[in-house]
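Each remark here refers to the structure printed beneath this line.
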Amino acid sequence: MKILIDIGHPAHVHYFRNTIQILKKQGHKFCITARDKDVTLQLMHAYQIEFINRGKGEQNLWGKLWYGIKTNWLLFHIAKNFRPDIFLSFASPYAAQVSKLMGKPHIAFTDTEHAKLGNLAFLPFTHSVITPEAFQKNFGEKHIKFNGFMELAYLSKKYFQAKSDVLKQLSLDTNDKYVIIRLVSWSASHDIGHKGFTHSALLRLIHNIKKYAEVRITAEGEIPPDLQQYVMPSVHPSDMHHVLANATLFIGEGATMASECAVLGTPCIYVNTLSCGYIEEQEEHNLLVRLLDIDVIISETERILQNNAAKKEQIMRARQYLKNKIDVTEFINWLISRYPKSINTLRNNPNYQNRFISN
638 MKILIDIGHP AHVHYFRNTI QILKKQGHKF CITARDKDVT LQLMHAYQIE FINRGKGEQN
698 LWGKLWYGIK TNWLLFHIAK NFRPDIFLSF ASPYAAQVSK LMGKPHIAFT DTEHAKLGNL
758 AFLPFTHSVI TPEAFQKNFG EKHIKFNGFM ELAYLSKKYF QAKSDVLKQL SLDTNDKYVI
818 IRLVSWSASH DIGHKGFTHS ALLRLIHNIK KYAEVRITAE GEIPPDLQQY VMPSVHPSDM
878 HHVLANATLF IGEGATMASE CAVLGTPCIY VNTLSCGYIE EQEEHNLLVR LLDIDVIISE
938 TERILQNNAA KKEQIMRARQ YLKNKIDVTE FINWLISRYP KSINTLRNNP NYQNRFISN
């Protein structure tokens, strides 16, 4: 098959990189377009994925509209030359809309119920929507749910083994306790009206953490001058999961990193008024906690950091829960390479996906 994938975010590189590698070896051909956002292009180079750069996005409304027109025009011409059999993305409106113009199916993965504008932009043009079972909306006949999380496509033990040598880049030793604090930029459309830390709360939290562990901050936006001393030294984006896997505790405003820590077995406090189905499932099964009150956050932080067995206990808890989840990469590979028969199989027998459970 000839498969066109549109990548719009660093996380999307991870979702599909194993699929690209495996299906290429089986003879399938890929054309991949990628937005120049954050560390996306660095990751593409790191994993030796050939791609076409579709440029940076815009922040204001008119800029977003103009970027959308330009990107659709670019993808249409790329698709005309490549002539894909199928389009694949994580909720890309561009892949969806161009697939409709080309008369080809678009398979979209998503796990973000609250991305209302984004959902409106890709859903009408998409043949099949694939989400985790915990997804809290119903998209009708085109909707297929799978027993897993997107993060399992790259962080299950089959695809990821944590390395501790990355800690040297953080000026840390293997036995050092350290806490990663993640701050988001709050610029996404689905972030409007939501919030995480106040500056004063963050200062209080760091002051308390320093009694027990080192602090490293990573952020999407600018970090205030009085917090610069805690900024995490630059590590290659492809090493970030090793940093998270070795951390004593993660405290962050971003759902993706919180879910990654839940899968890795790193104790995690998610600080955000915004939630979603997969976060709620992970919270229900004690893979993370979602807290907003700074006094409660500090109390929970101290409880974890004072318990020397907290990390080991969390790893065992995560492994126990995740052993009945499917191999998400294997599922994606089967879904794409056997499309549309795969979709018909799942619609007629939803339990068929159980064949991908890997204990």
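Each residue of the sequence shown is one higher than the one before, starting from 638 at the first, in the working numbering.
C-beta atoms are modelled at their ideal positions from N, C-alpha and C, and glycine is treated no differently.
In this text the structure is predicted, and so the values were computed from the model without any measurement.
Among Gly889, Ser875, Leu792 and Lys693, which residue has its Cα nearest to the Cα of Gln679? Within the sequence shown, residue 679 is the residue found at index 42, counting from 1. Among Gly889, Ser875, Leu792 and Lys693, the Cα nearest to that of Gln679 belongs to Ser875.
Return the first residue and the last residue of the beta strand (DSSP E) that Ser726 is part of. For this step, residue 726 is matched to residue 89 along the sequence shown. Unbroken beta strand (DSSP E) run through Ser726: Ile723 to Ser726.
Quick check on DSSP: helix, strand or coil for Glu851? Start at 1 with the first residue of the sequence shown, and residue 851 comes out as number 214. The answer is strand: DSSP assigns Glu851 an E or B state.
Given Asn961, which residues of its chain have a CB within under 7 Å of its CB, disregarding the five upstream and five downstream residues? Numbered from its first residue, the sequence shown carries residue 961 at position 324. If you ignore the 5 residues before and after Asn961, its C-beta comes within less than 7 Å of the C-beta of Ile994, all in its own chain and listed in chain order.
Please determine if the region 750-762 and the region 781-796 are in contact, where contact requires at least 3 C-beta pairs separated by less than 8 Å. no
Cβ contact check for the region 666-673 and the region 687-705: 3 or more pairs under 8 Å: yes
Going by other Cβ atoms of all chains shown within 10 Å of its Cβ, with 16 needed for buried, is Asn991 buried or exposed? Against the sequence shown, residue 991 aligns to sequence position 354. It counts as exposed.
Tell me the DSSP secondary structure of Cys905 in three-state form. Looking up residue 905 in the sequence shown gives position 268. Note: Cys905 maps to strand in three-state DSSP.
Considering only residues of the same chain and omitting the five flanking positions on each side of Glu967, which have a CB-CB separation below 8 Å? Working through the sequence shown from its first residue, we reach residue 967 at position 330. Excluding residues within five positions, the ones whose Cβ falls inside 8 Å are Phe993 and Ser995.
Which partner residues of Leu820 appear in the DSSP bridge assignment? Within the sequence shown, residue 820 is the residue found at index 183, counting from 1. According to DSSP, which records beta bridges pairwise, Leu820 is partnered with Ala856.
Inter-residue Cα distance where the pair is Asn883 and Phe783: In the sequence shown, residue 883 corresponds to position 246, counting from 1. In the sequence shown, residue 783 corresponds to position 146, counting from 1. If I take the Cα positions, the gap works out to 29 Å.
Burial state of Gln658 (16 or more Cβ within 10 Å): Stepping through the sequence shown from its first residue, residue 658 is reached at position 21. Classification of Gln658: exposed, given that the 10 Å Cβ count is below 16.
Let me know the alpha helix (DSSP H) ranges lying completely inside the region 728-806, each 4 residues or longer, listed in chain order. 730-739, 753-759 and 789-792
Shortest alpha-carbon distance to Gly777 belongs to which of Pro761, Thr677 and Gly785? Along the sequence shown, one-based indexing puts residue 777 at 140. Ranking the options by Cα distance to Gly777, first place goes to Pro761.
If we ignore side chains and look at the alpha-carbon of each, how far apart do Ala745 and Val766 end up? In the sequence shown, counting from the first residue as 1, residue 745 sits at position 108. In the sequence shown, counting from the first residue as 1, residue 766 sits at position 129. Each residue's alpha carbon lies about 5 Å from the other.
Return the CA-CA distance between His831 and Ile818, expressed in angstroms with no decimal places. Counting from one through the sequence shown, the residue named residue 831 turns up at place 194. Counting from one through the sequence shown, the residue named residue 818 turns up at place 181. Low per-residue confidence applies at His831: pLDDT is 39, beneath 50, and the placement is therefore not dependable enough to give any value.
So for Phe834, helix, strand or coil by DSSP? Sequence index remark: in the sequence shown, residue 834 carries index 197 (1-based). Of the three classes helix, strand and coil, the one that applies to Phe834 here is coil, per DSSP.
Take the Cβ of Leu702 as the centre, count every other Cβ of all protein chains shown within 10 Å, and call the residue buried at 16 or more, exposed below. For the purposes of this step, residue 702 is taken as the residue at position 65 of the sequence shown. Flag for Leu702 reads exposed.
In the DSSP assignment, the alpha helix (DSSP H) including Lys717 goes from what residue to what residue? Here residue 717 refers to the residue found at position 80 of the sequence shown. Taken as a continuous stretch (DSSP letters only), the alpha helix (DSSP H) holding Lys717 covers Leu698 to Phe719.
Short of 6 Å in beta carbon distance, which residues of its chain neighbour Leu809, apart from the five on each side in sequence? Order them along the chain. On the sequence shown, position 172 is the one that residue 809 refers to. So the qualifying residues of the chain are Tyr815.
Could you check whether the region 941-959 touches the region 896-908, counting it as contact only if at least three pairs of C-beta atoms, one from each stretch, sit closer than 8 Å? yes
Going by DSSP, name the residue or residues bridged to Leu886. Translated into the one-based positions of the sequence shown, residue 886 becomes position 249. The partner list for Leu886 (beta bridge, DSSP) reads Val816.
Ile706 burial status per 10 Å Cβ neighbour count (16 or more: buried): For this step, residue 706 is matched to residue 69 along the sequence shown. Under this definition Ile706 is an exposed residue.
What whole-angstrom Cβ distance do Ala732 and His743 have, given they're in contact under 8 Å? As a first step, residue 732 is located in the sequence shown; it is residue number 95 there, counting from the start. As a first step, residue 743 is located in the sequence shown; it is residue number 106 there, counting from the start. Yes, Ala732 and His743 are in contact; Cβ-Cβ is about 6 Å, under 8 Å.
I'd like the list of long-range same chain contacts for Ile916, defined as Cβ closer than 6 Å, with 5 residues on each side in sequence excluded. Taking the first residue of the sequence shown as position 1, residue 916 is located at position 279. So the list reads Ala892, once near-sequence residues are dropped.
Same chain only: Cβ atoms within 8 Å of Tyr989, ignoring 5 sequence neighbours per side: The residue labelled residue 989 in the question sits at position 352 within the sequence shown. Thr982 and Leu983.
Kindly indicate which residue of Leu942, Ile846, His873 and Thr910 has the alpha-carbon position closest to the one of Arg927. To locate residue 927, count along the sequence shown from 1; it is residue 290. If we check each option's Cα against that of Arg927, Thr910 comes out closest.
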